[in-house]
Amino acid sequence: MAKIELQKVEKKFGELHAVKPMDLTINDGEFVVLLGPSGCGKTTTLRMISGLETVTGGKILLDGRDVTWLHPSERDIAFVFQFYALYPHISARDNIAFPLRAQGESRHAVEQRVKEVSALLRIEHLLDQRPGKLSGGDQQRIALARALVRKPAAFLMDEPLGALDADLRETMRAEIKRLHIDQHATTVYVTHDQIEAMAMGDRIVVMSEALVQQIGPPAEVYYDPANLFVAKFIGSPGMNLVSAVYQDGVARIPGTENRCRVPAEWQPAVQSALQGEPEIILGFRPEAAHLEPSGELSGEVYATELQGAYAVLHVNVNTSEIVHIRTDRLIDYAIGETVRFSIDPKMVRFFNPKTELAISRQRSS
Amino acid sequence: MSNVELQKVSKQFPGVKALDAVSFDVKDGEFCVLLGPTGAGKTTTLRVIAGLERQDEGSVLFDGAPVDGLPPAERDVAFVFQQYSLYPTMSVYDNLAFPLRAPSRRIAEDQIRRRVEEAAETLRISHLLDRKTAHLSGGEMQRVSIGRAIVREPRIFLMDEPLSNLDAKLREALRVELQHLQKVHGSTTLFVTHDQIEALTMADRIVVLNTGKIVQIGTPEDIYDRPATIFVAQLVGTPRINLLKSRREDSTLFIEKSQLHLPVPDGKQLPSELLIGIRPEDIVPDLEGKFLGKVILTEPLGVQTVIHIRSGDQTLLSLIPGMADLRIGEEVRFKIIHERLHCFSLQGVRIFT
Amino acid sequence: MAEFAKTGPSKPVVEAIRVDKVTPGYRLVNNVRALIVILLAVVGLIPVFVMIMTAFKTRPDAISVPPKLIFTPSLEGLVFLLTERSAASPARLEQLRQAAEGEQLSLFDRIALNTGQEITGPSDYVFRLRNSLIIAGLSTIASVVLAVFSAYAFSRYNVKGKGDLLFFILSTRMLPAVVVTVPLFLMYTQLKLHDTHLGMIILYTVFNLSLAVWLMKGFFDEIPREYEEAALVDGYTRMQAFFKIVLPQAVTGIAATTVFCLIFAWNEYAFALMLTSEKARTAPPSIATMLGIGGIEWTAIAAGSLGFLIPVVIVTFALRNYLLRGVTFGAVRK
């Protein structure tokens, strides 16, 4: 297993910057997720690590070895694709054995290893079938077995669950994570689904428009997003971001009576970040808002969503901004009804609208 | 707007029975969702209602009158397709105006302009009217498709998985908007999807379909709280429901392959062998909980956490709000809220009192 | 190579390319490959170059061995192509020779002097070319129009025996022309279609239909049904949907099909030779057999072929963007 380091790695296609220079260290045995919307550069980054794409600048190190210009087969990595990339004309067994046979392993060793890996993924009963007729989940398990069979230094996975049905994705997500825990394998995983990233990642690298937005464990990107993009992208629905005006310790939403008291521990940081400008963005997660008759803020119900065990209320706080509030199922709200709510002061966050960065509670030096 | 009724509609394709005596109705002004896995017959149902497909048996009624003989143009329905809905050679304005320019309608051009601009305003795409549709993002394209349907003011909106091809974030945003639009305009809508979240969040009523047959019809609360079969129970709710084979002895239910046992819910007559369903939110880690298990996986989703607990030989999924401070491999005590237990026969059918 | 693995290429790589393909000389290799391909294309076009050169050579130059690359250009070939000639009498030649010493001779007189042939009147070339234009043009239009409608039906409807019908249509192409020429000749003579424009148009239309139907069906299959279905639901009839939606989408396919049909009808030789004689004879048979004094007039043939080539080249060039799509359709999936 191995440590992967990216040092100022960048990729340009002609004049287009697909990946701006990025630094990233993936520790031995870590499960790192590259997360972002389509076109953000996450797949290109993965492909550069694997060697399927050249770098325009920077270095890639695998366990201290400079592998930037090494052939993909010499980097000791395994790649799992979104559309399985299984060879349709040979059996599942032969698909899994393929990498080992290509390396010239002995027949006995190959058989042994194939048996081990297929037991791990519970696909022994499929070994003699051709992959073409099997279900998506089975095919993806065979693809995973093929990646596992070589015991590579690192696993690179490119949206492997993207082609599967929603319920299968849930099951496979847990399986891949359990596999990772068992094998303790360094894994780099690419996805656009932030739920997958949160569920599986030890650390998440949030990317957008070729730039890294934030790197951190799930709790950190969820509770302390570094900027507006991360705040909105992580969580479903994303963080509520409301434009407000700050004055004397209170953030007011213009055009309404709504106001939110800024907790004392935030005030120094907010004041120094804003530097006299009044505009501020108030951020809070749907579960940080509580409906109560004495709440400081109020709005009109725009829509209600039952999500199973709980519901989400979408509320208009002024003419253009809608906030999402997580509520119990038991109460029914009509569209147009006025509701009052308050925000948990421990979970409120603030952002500077000009820089789009989060205001950090510690005073900047 | 109209109400639509299907009476015992069946449709056979070579080799597969797509619809088997399907009967249900969509009330005037209702948002009805047709939910089911791929191949359940949902798209076929929509196409039969629109007239694009002719059913073998049964009939379709609009406001009580059969429309079986009418071609699609005369049924006055609006259809939103999953993809390939916009004409690439035309601008957004022309795409929106297209349905109104049908020779059979004879609507004056200035009226067309007014209606197109209204629809564009509602869907917030007024700034895109002059653009060619090839230069739009996925979300914008779907808005224009929906706009094309709105502009018509038809008797019913038929939507075939319109959000499936969009990114997760876009889907969330459009879901809320669609729901708001429908409630405000009171449009009769029949919406097809395989995504249970879309069904739960948007529907007034859900019709669950599987392999051409209706499995259950009810409000989202009905479907979630009182699923008629294990198929429905597993279909809605994420993470999916825990289904455990159990046997009853006197007034205790013993879950097989584990030490777990629960009291029989009051007043229920239960067979000696059955399947019980426990929703993940009803399994709660609790320091004083009755049961013991080991944490084998945690999935922190931010707003809530899914915990995989191994108890005996069974793996249970538990859902708790917020972040959990449980470690993998840790022993955990938990309780099960047995008042909300679901009981099914071994064949998978719900047991009522 | 080991050095390269440490340092990478000298210039940053801004293409989408796999790491192992970036060898030290990879850019040079790509350029060399491109050059070879261009050379092969040039070699393939050599016959065309020879033809163009021959059209502007004098008769002795045209048949000299080894072939002359450098020559004085002459309009002889063109003139011979467009005129009928007879041998000039020795007296006439003498007259011309004397006139040459004194004044400027006209082009025709000069040619008469050099080749010994006197011009008597215009040839049938232009007339034949006109026949070609009419017959090939009209038959192409007819076959494309018919193919568009029938291919749409095959594509969208479950016609009974669709597979068999399609195979039957294709089978008309499987026979070599020569096999059916005699029966056709007999039929045409009986129907009084021999040597008529109508007869040739009908024949070419039928022959082209097979290719046209198959091509257009492929193009229509690629157009998603949802387009028309949306229009149907919106209140259009199928015909209206076809004209307003499907046809604009199918324009590239129609262009490609038109070019293929036109090329076949334009160049067709066997039927033209055997089923026409005077009134409806097209250009291909007549170009090949241009005779003059002393044997085959190579320069005239070359000039005739060049003239014959030009209309097709113009059409193909005008539709070149559509052709590229047409040639690769179905083979390249998005």
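Chains as they are written, first to last, in the working numbering: chain Y, 12 to 376; chain L, 19 to 371; chain V, 645 to 978. Idealized CB from N, CA, C, for every residue including glycine.
Query raised in the report: Does any CB atom of chain V fall closer than 7 Å to the CB of R133 (chain L)?
Result: Translated into positions along the second sequence, residue 133 (chain L) becomes position 115. Output row for R133 (chain L): interface = no.
Query - R351 (chain Y) and A322 (chain Y) closer than 7 Å at C-beta - result: In the first sequence, counting from the first residue as 1, residue 351 (chain Y) sits at position 340. In the first sequence, counting from the first residue as 1, residue 322 (chain Y) sits at position 311. Contact annotation: R351 (chain Y) and A322 (chain Y) have beta-carbon atoms that are not nearer than 7 Å.
Query raised in the report: Can the beta-carbon of F42 (chain Y) be found closer than 7 Å to that of D204 (chain Y)?
Result: What you label residue 42 (chain Y) is simply residue 31 of the first sequence in a count that begins at 1. What you label residue 204 (chain Y) is simply residue 193 of the first sequence in a count that begins at 1. Taking 7 Å as the cut-off, the beta carbon of F42 (chain Y) is found no closer than this to the beta carbon of D204 (chain Y).
Query raised in the report: Taking just the CA atoms, how far does L17 (chain Y) sit from T151 (chain L)?
Result: Looking up residue 151 (chain L) in the second sequence gives position 133. Looking up residue 17 (chain Y) in the first sequence gives position 6. Roughly 40 Å between the two C-alpha positions.
Query raised in the report: Near I333 (chain Y), what residues of its chain come up, given a Cβ to Cβ distance below 6 Å and the 5 sequence neighbours on each side ignored?
Result: By 1-based counting over the first sequence, the position of residue 333 (chain Y) is 322. Around I333 (chain Y): Y313, H325, N327.
Query - Partner residues on chain L for V948 (chain V), Cβ-Cβ distance less than 8 Å - result: The sequence position of residue 948 (chain V) within the third sequence is 304, counting from 1. In the sequence under discussion, the amino acid at residue 948 (chain V) is Gly, which differs from the Val named in the question. Those do not exist, as G948 (chain V) stays about 42 Å from chain L at its closest Cβ, beyond 8 Å.
Requested in this report: Please work out which residues of its chain come closer than 7 Å, Cβ to Cβ, to L285 (chain Y), disregarding the five sequence neighbours upstream and downstream, and give them in chain order.
Outcome: What you label residue 285 (chain Y) is simply residue 274 of the first sequence in a count that begins at 1. Closer than 7 Å at the Cβ level, and outside the excluded window around L285 (chain Y), lie Y257, I291, N363.
Query raised in the report: Would you say P318 (chain L) faces chain Y, with C-beta separation under 7 Å as the test?
Result: The residue labelled residue 318 (chain L) in the question sits at position 300 within the second sequence. Output row for P318 (chain L): interface = yes.
Query raised in the report: Could you give the distance in angstroms between the alpha-carbon of T984 (chain V) and the alpha-carbon of V692 (chain V)?
Result: The question about residue 984 (chain V) has no answer, for chain V in this structure spans 645 to 978.
**Report entry** Start-to-end residues for the alpha helix (DSSP H) that takes in P928 (chain V)
**Finding:** Working through the third sequence from its first residue, we reach residue 928 (chain V) at position 284. Counting along the chain, the alpha helix (DSSP H) containing P928 (chain V) begins and ends at 927-932.
Report task. Confirm, please, whether the CB-CB distance from R173 (chain L) to S41 (chain L) is below 7 Å. Result -> The residue you call residue 41 (chain L) lines up with position 23 of the second sequence. The residue you call residue 173 (chain L) lines up with position 155 of the second sequence. It is not a contact, given that the beta carbons lie outside the stated cut-off.
Requested in this report: For G879 (chain V), go through chain L and note every residue whose CB falls closer than 7 Å to its CB, in chain order.
Outcome: Along the third sequence, read from residue 1 onward, the residue named residue 879 (chain V) stands at position 235. Within 7 Å Cβ-Cβ: A91, P117, A120, S122, R123.
Report task. Starting from Y242 (chain L), find everything on chain A with Cβ-Cβ shorter than 8 Å and list it in chain order. Result -> Any reference to chain A falls outside this structure, whose protein chains are Y, L and V.
Query raised in the report: Taking C-beta to C-beta, are A58 (chain L) and L208 (chain L) nearer than 7 Å?
Result: Sequence index remark: in the second sequence, residue 58 (chain L) carries index 40 (1-based). Sequence index remark: in the second sequence, residue 208 (chain L) carries index 190 (1-based). Taking 7 Å as the cut-off, the beta carbon of A58 (chain L) is found no closer than this to the beta carbon of L208 (chain L).
Query raised in the report: How is V34 (chain L) classed by DSSP in three states: helix, strand or coil?
Result: Residue 34 (chain L) sits at position 16 when you count from the first residue of the second sequence. Per DSSP, reduced to three states, the secondary structure at V34 (chain L) is strand.
Query raised in the report: Out of curiosity, what's the CA-to-CA distance linking A369 (chain Y) and P298 (chain L)?
Result: Here residue 369 (chain Y) is taken as the residue at index 358 of the first sequence, counted from 1. Here residue 298 (chain L) is taken as the residue at index 280 of the second sequence, counted from 1. Cα to Cα, the separation comes out at about 34 Å.
**Report entry** Inter-stretch contact (C-beta, 8 Å, three-pair minimum) for the region 333-352 of chain L and the region 305-324 of chain L
**Finding:** yes
Requested in this report: Establish whether the CB of H325 (chain Y) and some CB of chain L are separated by less than 7 Å.
Outcome: As a first step, residue 325 (chain Y) must be located in the first sequence, where it is residue number 314. H325 (chain Y) counts as touching chain L.
Requested in this report: Kindly confirm or deny that the region 172-187 of chain Y and the region 106-126 of chain Y touch, where touching means at least three C-beta pairs closer than 8 Å.
Outcome: no
Query raised in the report: the region 332-349 of chain L: which residues have C-beta closer than 8 Å to a C-beta of chain Y, in chain order?
Result: L337, P339, G340, M341, I346
Requested in this report: Taking 7 Å as the cut-off, decide whether the C-beta atoms of I327 (chain L) and G347 (chain L) are in contact.
Outcome: Counted from its first residue, the second sequence places residue 327 (chain L) at position 309. Counted from its first residue, the second sequence places residue 347 (chain L) at position 329. Their beta carbons are not under 7 Å apart, which means I327 (chain L) does not touch G347 (chain L) by this criterion.
Requested in this report: Using alpha carbons as the reference points, say which of Y:E367, Y:T338, Y:G47, Y:A345 lies closest to S353 (chain Y).
Outcome: Working through the first sequence from its first residue, we reach residue 353 (chain Y) at position 342. When only C-alpha atoms are compared, the closest one is Y:T338.
Query raised in the report: With a cut-off of 8 Å, do at least 3 Cβ pairs link the region 747-764 of chain V to the region 722-732 of chain V?
Result: yes
Report task. Grab the span of the alpha helix (DSSP H) containing A29 (chain Y) for me, first residue to last. Result -> The count along the first sequence starts at 1 and reaches residue 29 (chain Y) at position 18. No alpha helix (DSSP H) holds A29 (chain Y); the beta strand (DSSP E) holding it covers 27-37.
Query raised in the report: Checking contacts by CB at 7 Å: is E424 (chain L) closer than that to chain Y?
Result: Residue coverage of chain L in this structure runs from 19 to 371, which leaves residue 424 (chain L) outside it and unanswerable.
Query raised in the report: Where does E941 (chain V) fall in DSSP's three states?
Result: Here the question's residue 941 (chain V) lines up with position 297 in the third sequence. Of the three classes helix, strand and coil, the one that applies to E941 (chain V) here is coil, per DSSP.
Requested in this report: Examine chain L for any beta-carbon lying closer than 7 Å to the beta-carbon of E873 (chain V), and answer yes or no.
Outcome: For the purposes of this step, residue 873 (chain V) is taken as the residue at position 229 of the third sequence. Chain L contact via Cβ: present.
Requested in this report: Can you grab the Cα-Cα spacing for the pair G974 (chain V) / V232 (chain Y), in whole Å?
Outcome: Indexing the third sequence from 1 puts residue 974 (chain V) at position 330. Indexing the first sequence from 1 puts residue 232 (chain Y) at position 221. Caution applies to G974 (chain V), whose pLDDT of 46 falls short of 50 and renders its modelled position unreliable; the value that the coordinates give is listed next. Going from the Cα of G974 (chain V) to the Cα of V232 (chain Y) covers about 46 Å.
Query raised in the report: Do you know how far the Cα of D355 (chain Y) is from the Cα of E158 (chain L)?
Result: Residue mapping note: residue 158 (chain L) aligns to position 140 of the second sequence, counting from 1. Residue mapping note: residue 355 (chain Y) aligns to position 344 of the first sequence, counting from 1. One C-alpha to the other measures close to 35 Å.
Report task. Could you please tell me which residues of the region 655-669 of chain V, in chain order, have their CB closer than 9 Å to any CB of chain Y? Result -> Listed by position, the residues of the region 655-669 of chain V near chain Y (Cβ gap below 9 Å) are P656, V657, V658, E659, A660, I661, R662, V663, D664, K665, V666.
Query raised in the report: Measuring CA to CA, which of L:R65, L:R131, L:E75 is closest to Q100 (chain L)?
Result: Along the second sequence, one-based indexing puts residue 100 (chain L) at 82. Of the candidates L:R65, L:R131, L:E75, the one whose C-alpha sits nearest the C-alpha of Q100 (chain L) is L:R65.
Requested in this report: Ignore the nearest five residues each way along the sequence and tell me which others in A96 (chain Y)'s own chain have a CB closer than 8 Å to its CB.
Outcome: In the first sequence, the residue the question calls residue 96 (chain Y) occupies position 85. Correct list, in chain order: A154.
Requested in this report: Could you tell me whether any Cβ in chain V is nearer than 7 Å to the Cβ of A68 (chain L)?
Outcome: The residue given as residue 68 (chain L) occupies position 50 in the second sequence. Closer than 7 Å: yes.
**Report entry** Contact set between A96 (chain L) and chain V, taken where Cβ atoms lie within less than 8 Å
**Finding:** The sequence position of residue 96 (chain L) within the second sequence is 78, counting from 1. Ordered by position in chain V, the residues that pass the 8 Å Cβ test against A96 (chain L) are V877, D878.
Report task. Give the DSSP-derived three-state secondary structure of S376 (chain Y) in the structure shown. Result -> What you label residue 376 (chain Y) is simply residue 365 of the first sequence in a count that begins at 1. Note that S376 (chain Y) scores 38 on pLDDT, short of 50, meaning its location in the model is unreliable; the coordinates nonetheless yield the value given after this. Correct three-state label for S376 (chain Y): coil.
Query raised in the report: Can you give the Cα-Cα distance for D77 (chain Y) and Y234 (chain Y), rounded to whole angstroms?
Result: Residue mapping note: residue 77 (chain Y) aligns to position 66 of the first sequence, counting from 1. Residue mapping note: residue 234 (chain Y) aligns to position 223 of the first sequence, counting from 1. Take the alpha-carbon of D77 (chain Y) and the one of Y234 (chain Y): they are about 36 Å apart.
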